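Have a look at the structure below before the remarks.
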Amino acid sequence: MHIVSLRKISKTYSLNITEKKYTYKDFISNQEVKWCPGCGDYSILKQMQTVLPEVGIAKENIVFVSGIGCSSRFPYYMDTFGLHGIHGRAPAIVTGIKLAKPELSVWIITGDGDALSIGGNHTIHLFRRNLDVNVLLFNNEIYGLTKGQYSPTSGLGLKTKSSPLGTIDQPFNPLSLALGAQATFVARTIDKNPKHLREMLLKCHQHKGTSFLEIYQNCNIFNDGAFEVFSEKANKSDTTIFLENGKPLLFGIELTKGIRLDGLQPQVVSLEEKYSLEDIWIHDEKDCTKANILARFFDTPGKSRFPRPFGILYTEDRPCYDVLFHQQLRQAKTNLDVPTLDELLAGPSTWVIS
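Taking our numbering, the leading residue of the sequence shown gets 168, the next gets one more, and so forth.
Following this line, the structure appears as structure tokens:
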């Protein structure tokens, strides 16, 4: 067994792959988990602890950074390095960590209120810079920690303590926001589908650049059942579509429904009528234009004409900000005429007193 030390790694910038074989128990901290019983956060925590042994990185080289909110307790429950930051500023903290130690595997844990309200400005600039980090947005469409106020993703008309007559704010569409900010990996999953959640977490880790994963997460205290239409057996075959690159967009119990493109206008069609597989839209996760169309399958649950997409909407290869930063740093040092210590102590102007 050999685990490279943080001190050595900071000098070589090599990827810290370990031969040690971890299990999920190695990533469980000694802290008592303090989420409400039944919270969707438990599922996300368990899947993360299950996935990390597969990635082969020494756990002292994994960092979780959070802001404020129920989700932001996450770093306490992972037996890795972590930092519980301040409201909305996790991207700023992570930028400093990643630029100082680019070899680390860094994860941002945030919520819809933390990332899209006070942290909105930090979030969009993280996306456009394309730092090599992973962003997990726990979206429960409510402020849970502060007891049930509406959040930037709460649906129109939702009655809460801060909107007793129903919210009149148009909710953010997180995937459209990420695509508009030029994110290089945009995906969605849900807490009640652990297999898919685990797959998306692995895909996030594998992506070089800023990966953004929106996770539908149930708050059973203040917004219970917000995503039930996408998770319950009686509904989910007609309300969800799971994206696979190069595969047709099919849904329904027998996969007899599909999405057809008429130009850039999507249509729900039936394979039992006049349409065949040749008519169905084939998913291409490199096509940003079509990803923006998919992200707009975002109508009111139960009333939408289209199923809600889950999986990778879009991914692209683009240089990472941290790589470009260190390239510039090396170039600047190469071109710099470095003075000697005596020259620095003397300064640019000296004189002799006789």
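Yeah, the Cβ is synthetic: ideal placement off N, Cα and C, and Gly gets one too. The structure presented is a predicted model; accordingly, all values stated were derived computationally and were not measured.
Span of the alpha helix (DSSP H), counted from its first residue to its last, around I260: Taking the sequence shown and counting its residues from 1, the one referred to as residue 260 is at position 93. From DSSP, the alpha helix (DSSP H) with I260 extends over 257-267.
Hey, I211 and D246: beta-carbon distance below 8 Å or not? Sequence index remark: in the sequence shown, residue 211 carries index 44 (1-based). Sequence index remark: in the sequence shown, residue 246 carries index 79 (1-based). Their beta carbons are not under 8 Å apart, which means I211 does not touch D246 by this criterion.
Can you tell me whether V300 is buried or exposed? The criterion is at least 16 other CB atoms within 10 Å of its CB, across all chains shown. Here residue 300 corresponds to residue number 133 of the sequence shown, with the count starting at 1. Around the Cβ of V300, a 10 Å sphere holds 16 or more other Cβ atoms; the residue is buried.
Residue from L491, D193, I388, D446 whose Cα sits closest to the Cα of C206: By 1-based counting over the sequence shown, the position of residue 206 is 39. Here the closest residue by C-alpha is I388.
Near I426, which residues of its chain fall below 6 Å by C-beta distance, leaving aside the five closest residues on each side in sequence? Against the sequence shown, residue 426 aligns to sequence position 259. For I426, the CB contacts under 6 Å within the same chain, skipping 5 residues up- and downstream, are L416, P433, W448 in chain order.
State the CB to CB distance for the pair I275 and L303, rounded to an integer number of angstroms; the pair is presumed to be in contact (CB under 8 Å). Walking along the sequence shown from the start, residue 275 turns up at place 108. Walking along the sequence shown from the start, residue 303 turns up at place 136. Yes, they are in contact, since the Cβ atoms of I275 and L303 sit about 7 Å apart, within 8 Å.
Beta-carbon gap between K370 and A350 smaller than 8 Å: On the sequence shown, position 203 is the one that residue 370 refers to. On the sequence shown, position 183 is the one that residue 350 refers to. Contact: no.
Are at least three pairs of beta-carbons, each pair with one atom in the stretch 475-482 and one in the stretch 254-265, less than 8 Å apart? No: fewer than three Cβ pairs fall under 8 Å.
When the distance is taken between beta carbons, is N197 closer than 8 Å to N307? Position 140 of the sequence shown, counting from 1, holds the residue named residue 307. Position 30 of the sequence shown, counting from 1, holds the residue named residue 197. Contact: no.
When you compare the CB positions of A524 and N340, do they come within less than 8 Å of one another, or not? For the chain, the structure presents residues 168 to 521; residue 524 sits outside this window and is missing.
G469 - DSSP class collapsed to helix/strand/coil: Working through the sequence shown from its first residue, we reach residue 469 at position 302. Because G469 sits at a pLDDT of 48, beneath the cut-off of 50, its placement in the model cannot be relied upon, and the following sentence gives the value as read from the coordinates. DSSP places G469 in coil when its eight states are reduced to three.
Are the beta-carbon atoms of Q498 and P361 separated by less than 8 Å? To locate residue 498, count along the sequence shown from 1; it is residue 331. To locate residue 361, count along the sequence shown from 1; it is residue 194. Going by C-beta atoms, Q498 is not nearer than 8 Å to P361.
Give the secondary structure of S330 by DSSP, where H, G and I count as helix, E and B as strand, and everything else as coil. In the sequence shown, the residue the question calls residue 330 occupies position 163. Three-state DSSP puts S330 in a strand.
The alpha helix (DSSP H) spanning I211 covers which residue range? Taking the sequence shown and counting its residues from 1, the one referred to as residue 211 is at position 44. For I211, the enclosing alpha helix (DSSP H) starts and ends at 208-222.
Which residue comes first and which comes last in the beta strand (DSSP E) that contains R463? Taking the sequence shown and counting its residues from 1, one reaches residue 463 at position 296. From DSSP, R463 is part of no beta strand (DSSP E); its letter is neither H nor E.
Which residues mark the beginning and the end of the beta strand (DSSP E) in which V273 is found? Translated into positions along the sequence shown, residue 273 becomes position 106. Where V273 is concerned, the enclosing beta strand (DSSP E) stretches over 272-278.
CB contact check: Q494 to chain D, cutoff 8 Å: Here there is only one protein chain, and chain D is not present.
Is it the case that the Cβ atoms of G234 and G287 are separated by a distance below 8 Å? Within the sequence shown, residue 234 is the residue found at index 67, counting from 1. Within the sequence shown, residue 287 is the residue found at index 120, counting from 1. Annotated as distal: G234 and G287, with beta-carbon spacing of 8 Å or more.
Among K441, I357, G514, which one has its Cα closest to the Cα of A393? Residue numbering aside, residue 393 sits at position 226 when the sequence shown is read from its first letter. The shortest CA-to-CA distance from A393 to any of K441, I357, G514 is the one to I357.
Candidates D489, S521, G514, L512, of which the one nearest S272 by Cα: Numbered from its first residue, the sequence shown carries residue 272 at position 105. Nearest of D489, S521, G514, L512 to S272, Cα basis: D489.
Residues bridged to A231 [DSSP beta-bridge criterion]: Within the sequence shown, residue 231 is the residue found at index 64, counting from 1. Strictly speaking, residue 231 in this sequence is Phe, with Ala absent from that position. Looking at the DSSP assignment, F231 forms a beta bridge with G249, W274.
DSSP-derived helix/strand/coil call for T517: Residue mapping note: residue 517 aligns to position 350 of the sequence shown, counting from 1. Judged by DSSP in its simplified three-state form, T517 adopts coil rather than helix or strand.
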